[in-house]
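Undergrad:
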Amino acid sequence: MADTHVRTRIAPSPTGVPHIGNTRTALFDYLLAKKYGGEFILRIEDTDQDRLVPKAVEKIYQIHDFLGLKRDEDPVVGGPYGPYVQTERLEIYQKYALELVNMGAAYYCFCSEERLAKLHENDQYAKYDRHCRNLSPDEVKAKLDSGAPYVIRVKLPETGFTTWHDLVQGKLSLPNAECDDKVLLKTNGIPTYHLAVVVDDHLMKISHVLRGVEWLMSTPVHLFLFESFGWEPPILAHVPLLLGPDKSKLSKRHGAKSVLEYAADGYLPEAINNFLFYLGFSYKDNSELLTLDQMIEIFDEKRIQRQNAIFDIQKLNYLNSQWIKKLDSEDLFNRLKTFIPQEWQGEKAKAISIIDIAKERMFTLKDFVPSAEYFFSTPEVDKQLVLEQSTHTEEETKKWFAIATSLIENTKDFTPENLHEEFTIAQKDSGLSPREAFMSLRVAISGRTATPPLFDCFVILGKEESLKRLNSVFV
RNA sequence: GGUCCCGUCGUCUAGUGGUCUAGGACAUUUGGUUCUCAUCCAAAAGAUCGCGGGUUCGACUCCCGCCGGGAUCACCA
Numbered sequence: 001m002a003d004t005h006v007r008t009r010i011a012p013s014p015t016g017v018p019h020i021g022n023t024r025t026a027l028f029d030y031l032l033a034k035k036y037g038g039e040f041i042l043r044i045e046d047t048d049q050d051r052l053v054p055k056a057v058e059k060i061y062q063i064h065d066f067l068g069l070k071r072d073e074d075p076v077v078g079g080p081y082g083p084y085v086q087t088e089r090l091e092i093y094q095k096y097a098l099e100l101v102n103m104g105a106a107y108y109c110f111c112s113e114e115r116l117a118k119l120h121e122n123d124q125y126a127k128y129d130r131h132c133r134n135l136s137p138d139e140v141k142a143k144l145d146s147g148a149p150y151v152i153r154v155k156l157p158e159t160g161f162t163t164w165h166d167l168v169q170g171k172l173s174l175p176n177a178e179c180d181d182k183v184l185l186k187t188n189g190i191p192t193y194h195l196a197v198v199v200d201d202h203l204m205k206i207s208h209v210l211r212g213v214e215w216l217m218s219t220p221v222h223l224f225l226f227e228s229f230g231w232e233p234p235i236l237a238h239v240p241l242l243l244g245p246d247k248s249k250l251s252k253r254h255g256a257k258s259v260l261e262y263a264a265d266g267y268l269p270e271a272i273n274n275f276l277f278y279l280g281f282s283y284k285d286n287s288e289l290l291t292l293d294q295m296i297e298i299f300d301e302k303r304i305q306r307q308n309a310i311f312d313i314q315k316l317n318y319l320n321s322q323w324i325k326k327l328d329s330e331d332l333f334n335r336l337k338t339f340i341p342q343e344w345q346g347e348k349a350k351a352i353s354i355i356d357i358a359k360e361r362m363f364t365l366k367d368f369v370p371s372a373e374y375f376f377s378t379p380e381v382d383k384q385l386v387l388e389q390s391t392h393t394e395e396e397t398k399k400w401f402a403i404a405t406s407l408i409e410n411t412k413d414f415t416p417e418n419l420h421e422e423f424t425i426a427q428k429d430s431g432l433s434p435r436e437a438f439m440s441l442r443v444a445i446s447g448r449t450a451t452p453p454l455f456d457c458f459v460i461l462g463k464e465e466s467l468k469r470l471n472s473v474f475v
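Using the UniProt record's numbering, read the first sequence as starting at 1 and increasing by one per residue.
Below is the structure:
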């Protein structure tokens, strides 16, 4: 491998937004290319014109941009082997399909849809019966001349095995008889995946085809095509699937989300990359925070697991919370922009000081707003709740609040450290336990029983606002 | 159903014949730190290594069978 220049590709079809399982394959492709200093290419496989989903292409770009999976060649930036959109390469495929027919590796098929449907009537797994495989040249010519619609099918060997060494699956051997004479070129002149991948991977000098195992069973067709053309096939690597919690294949039907949706849910690209990396790959204890560059270094295509991995959101949550803690608050503020209300945007300094103390209790970016809103707007405070926390009578609690307000009013050093010190002394004389004393104040200023440390909250609120809130409890 | 792949704690995994009475991490539970929550720290619980046969002095590790799960069998990718 040292002497082959590594070029990998991810080839999504814009029939929807790729879910996170598909994106993991893209990550591995990227890592493989970069590990060997090669190129990572994005090719749009839009040969299924009937199922195109508008905007899917843009979303595919967005996913890669978000995760930092930089493309060396793609439809937008171009490259030496373009175009990178398959429907812009139709003549190429048609030319090669014809070539295949001429060399006897493919044949015209004039079977109607009805006839094909009939084959499946009694057997849902029926293969094409190769009805047109041995049509005489004259018959073919007559049909063609009459303008009959046709497809071109691969003329696969009927016996024997196709074997190859798969980078992750090891040595594989599939019986040719199990494969169908797959359609290569459709009636509408557009190729199917099977023809298009082979032609493009060769023309684009792809060295490694790393894709999902769902392609394993059709690999004999691809290899047969490479051989027929006399082309060196790329190295193959079929990576396992991502399964849902119920162990079924992750799919849109089962609510598999795209990376874009996880982004909207407040997950960081670093955490998603990390999480995907550890799903099917092992490094140390599978919980270290790794950057893309570190992953490139660690990644080893030969150590990808062969078993399917179950998508476990708990691990993603953990990684996300760890990344949030690791990032500095200014950086977090920028990433938080789409999550926080417009009114807060202007108060950057305040927001950052809140992030400072809130980030260690955030799992996703979405957790920020609920944990910070009482800093920006006055909370509803129920007097009963305050009393519940003080566990003392209203009179006694009022007395403690009077001490607290005067402390805040008169302190010369309005910092968390100093407030802590002064309040601790006062609390000891108050007859309230630390918990009772501080919890009642906490509820009074925030309306909640869980917040960052009390004195940090006072400082962020400021003297005036703190006093205002404390004074409004017993009125 | 045919074919192919896979099978270690709930999850991601370490483990390539003896060091495994199976290790780590996430999740869970408990304790400590603490003004709450969270963090952090510590500990506990959790796997008859899918099952059954072999091979071997000895198997999670090798072989066979079975079972279970997954993939695939479109003019979809």
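All C-beta atoms in this analysis are idealised placements derived from N, C-alpha and C, irrespective of residue type, glycine included.
Ends of the beta strand (DSSP E) at S173?
TA: Position 173 of the first sequence, counting from 1, holds the residue named residue 173. Counting along the chain, the beta strand (DSSP E) containing S173 begins and ends at G170 to P175.
Undergrad: Per DSSP, what kind of secondary structure is I355 in: helix, strand or coil?
TA: Translated into positions along the first sequence, residue 355 becomes position 355. I355 falls in the helix class under three-state DSSP.
Undergrad: Going by CA-CA distance only, name the one from D356, L116, I310 and L292 that's closest to D456.
TA: In the first sequence, counting from the first residue as 1, residue 456 sits at position 456. Closest by alpha carbon: D356.
Undergrad: Are the beta-carbon atoms of R211 and V183 separated by less than 8 Å?
TA: Within the first sequence, the letter at position 211 stands for residue 211. Within the first sequence, the letter at position 183 stands for residue 183. No, Cβ-Cβ distance for R211 and V183 is not below 8 Å.
Undergrad: By how many angstroms is the C-alpha of H238 removed from the C-alpha of N122?
TA: Here residue 122 corresponds to residue number 122 of the first sequence, with the count starting at 1. Here residue 238 corresponds to residue number 238 of the first sequence, with the count starting at 1. Between the alpha carbons of N122 and H238 lies a gap of roughly 33 Å.
Undergrad: Is F474 near S466, with beta carbons less than 8 Å apart?
TA: Residue 474 sits at position 474 when you count from the first residue of the first sequence. Residue 466 sits at position 466 when you count from the first residue of the first sequence. It is not a contact, given that the beta carbons lie outside the stated cut-off.
Undergrad: Could you spell out the range, first to last residue, of the alpha helix (DSSP H) harbouring H420?
TA: The residue given as residue 420 occupies position 420 in the first sequence. Element bounds for H420: P416 to S430.
Undergrad: What alpha helix (DSSP H) runs, 4 residues minimum, are completely inside the stretch 175 to 228?
TA: Correct list: 193 to 203.
Undergrad: Is V369 closer than 8 Å to V443 when the C-beta atoms are compared?
TA: On the first sequence, residue 443 is found 443 positions in, with the first residue counted as 1. On the first sequence, residue 369 is found 369 positions in, with the first residue counted as 1. In this structure, V369 does not lie closer than 8 Å to V443 by Cβ.
Undergrad: Do L461 and F339 have their beta-carbon atoms positioned less than 8 Å apart in this structure?
TA: Along the first sequence, one-based indexing puts residue 339 at 339. Along the first sequence, one-based indexing puts residue 461 at 461. Cβ distance not < 8 Å, so F339 and L461 don't count as in contact.
Undergrad: Going by beta carbon distance, what residues of the same chain come within less than 7 Å of D166, once the five residues before and after it are set aside?
TA: Counted from its first residue, the first sequence places residue 166 at position 166. Contacts found: L172, L236, A237 and H238.
Undergrad: Give every residue of the same chain whose Cβ lies closer than 6 Å to the Cβ of R51, excluding the five residues on either side of it in the sequence, and list them in chain order.
TA: Reading the first sequence from its first residue, position 51 is the one you call residue 51. Excluding positions up to five away in sequence, the list reads T15.
Undergrad: At 4 residues or longer, what runs of the alpha helix (DSSP H) sit wholly inside the stretch 49 to 101?
TA: You should have 56 to 67.
Undergrad: Thinking just about the alpha-carbon of each residue, which of A372, I445 and W400 is nearest to the one in S433?
TA: Counted from its first residue, the first sequence places residue 433 at position 433. Of the candidates A372, I445 and W400, the one whose C-alpha sits nearest the C-alpha of S433 is W400.
Undergrad: Around the C-beta of K155, are 16 or more other C-beta atoms found within 10 angstroms, so that it is buried, or is it exposed?
TA: For the purposes of this step, residue 155 is taken as the residue at position 155 of the first sequence. Classification of K155: buried, given that the 10 Å Cβ count is 16 or more.
Undergrad: Quick one: give me the first and last residue of the alpha helix (DSSP H) that E270 is part of.
TA: Here the question's residue 270 lines up with position 270 in the first sequence. P269 to Y278 is the span of the alpha helix (DSSP H), which, as asked, contains E270.
Undergrad: Answer with buried or exposed for K359, where buried requires no fewer than 16 other C-beta atoms within 10 angstroms of its C-beta.
TA: Translated into positions along the first sequence, residue 359 becomes position 359. With 16 or more other CB atoms across the displayed protein chains lying within 10 angstroms of its CB, K359 is buried.
Undergrad: Quick one: what does DSSP say F339 is sitting in, helix, strand or coil?
TA: Locating residue 339 in the first sequence gives position 339, counting from the first residue. The answer is coil: DSSP assigns F339 none of H, G, I, E or B.
Undergrad: If contacts are defined as beta-carbon pairs under 8 Å, then G7 and I60 qualify, I think. What distance do you get, rounded to the angstrom?
TA: Position 7 of the first sequence, counted from the first residue, corresponds to residue 7. Position 60 of the first sequence, counted from the first residue, corresponds to residue 60. For clarity, residue 7 is Arg in the given sequence; the question names Gly instead. The Cβ separation is near 19 Å, so there is no contact.
Undergrad: Tell me whether T162 sits in a helix, a strand or coil according to DSSP, three-state version.
TA: Counting from one through the first sequence, the residue named residue 162 turns up at place 162. It is a strand residue.
Undergrad: So is F333 buried or exposed if we call it buried at 16+ other beta carbons inside 10 Å?
TA: Locating residue 333 in the first sequence gives position 333, counting from the first residue. Under this definition F333 is a buried residue.
Undergrad: Excluding the 5 residues preceding and the 5 following T451 in the sequence, name in chain order all residues of the same chain whose CB lies nearer than 7 Å to its CB.
TA: The residue you call residue 451 lines up with position 451 of the first sequence. These residues qualify, in order along the chain: R442 and C457.
Undergrad: Excluding the five sequence neighbours on either side, which residues of its own chain have a C-beta within less than 7 Å of the C-beta of T364, listed in chain order?
TA: Locating residue 364 in the first sequence gives position 364, counting from the first residue. Closer than 7 Å at Cβ, skipping near neighbours: D265, G266, Y267 and N320.
Undergrad: Please classify K70 as buried or exposed, where buried requires at least 16 neighbouring CB atoms within 10 angstroms.
TA: Walking along the first sequence from the start, residue 70 turns up at place 70. Exposed, by the Cβ-count rule.
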